[in-house]
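The structure appears right after this line, and notes come after that.
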Amino acid sequence: MVYQGIISVKSAIMPFLLVAAMFGSALTLASFIKVLYSVFLGQRPKEIGEVKEVGFGMVLPMVALAALCVLFGIFAQFPLRNFIGPVLGETFAGVPQDISLGKALWSPSLASLLLGIALLVGFIIYLMGRVTVRRSAPVFMAGERLDPEVTRVPGTGFYETVRELRLLRGPYREGERGVFDLYRLFGRYWEALVRALRAIHNGVMSTYLSWCILGLLVLLILLARG
C-alpha cells in the first residue's frame, strides 16, 4: 500500500519517495530478520532461565495479524477500496482493479510469488540437509570453548552498526547522556521554580490560609474593576 500510494501521487519527487520507501523497507526487513533470528533461532540468554511457549489463545491473534499484514500488503486493492476509500470518500483511481503479475514497474503480486518460491526452495534445501548425520558441538575458537553469552547475537545488535557510524556516533552518545531529552532539559532549567513552589506548599495551614485570602483579594479587585 505504501508503494502504490506513492505512485498514485504523480509528483516530481515521486522517484525520490520510492527510493526512500525502498530504503526504509530494506532496513525494516533487515531488523525483522535480526529480531526473528534472535527470538526463534538464536541462543537463549542465561538470565531468563527456562521459558515455555505461550498457549493457543496468545498465538492465534499474532498469526491473524501477521496474515492480515501479508494479505493487505499484497492485495492492497481490497482494503483501499472497501475500508479506506469509503471513509475518506476517495476512489483511488491510480490503484488497479485486478491483481496482475507484470503490468507495472513494481508488482507486489509478482514479488510475493518469487519470494514464496525462494522460501520453498530454501525449505527443500533445509530438509535435504537434515537427512545427513549431524553432530552438535559447543562454540569454540582456537581449540578453546567460548562463553555462549559472548557469541550470542541479541536482537538489538542490528543497531550497533548504525550506532558506530562516524556521522551518528556523536549524536547517539549525546542522546544517551540526555542532551536531546526535553524532559531532562526542562527539569534542569525549571528546577528553581519547582523549589519555590515546594517552599510555598509546605503543609502549614496558616500559609494556605494566607494564599486563599490573597486570592480572594485579587478576585475582588478584578470584579470591582469590571
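Reminder that position 66 of the sequence shown reads as 88 in this note's numbering, one-by-one numbering, no gaps.
Note that beta-carbon positions come from the ideal geometry of N, C-alpha and C, so glycine has one too.
Where does F202 sit, in a helix, a strand or coil, going by DSSP? coil
Since G200 and R191 are thought to touch, with beta carbons under 8 Å apart, how far apart are those beta carbons, to the nearest angstrom? At roughly 17 Å, the Cβ-Cβ gap does not stay under 8 Å, so G200 and R191 are not in contact.
When you compare the stretch 205 to 223 with the stretch 95 to 102, are there three or more beta-carbon pairs, one atom per stretch, that lie closer than 8 Å? no
What does the Cβ neighbour count give for Y25, buried or exposed, with the cut at 16 atoms within 10 Å? buried
Report, in whole angstroms, the separation of the C-beta atoms of V175 and S60, which I expect to be a contact under 8 Å. 6 Å
Contact under 7 Å by Cβ, G107 with F114: yes
How big is the Cα-Cα spacing for G64 and I55? Taking C-alpha positions only, G64 is separated from I55 by approximately 11 Å.
Give me the Cα-Cα distance between Y51 and V57, rounded to the nearest whole angstrom. It should be pointed out that residue 51 corresponds to Leu in this sequence rather than to Tyr. Spanning the two alpha carbons is a distance of roughly 10 Å.
Would you identify the three-state DSSP class for F162, choosing helix, strand or coil? Here F162 sits in strand by DSSP.
Alpha-carbon spacing of A88 relative to G27, whole angstroms: Those two C-alpha atoms are separated by around 21 Å.
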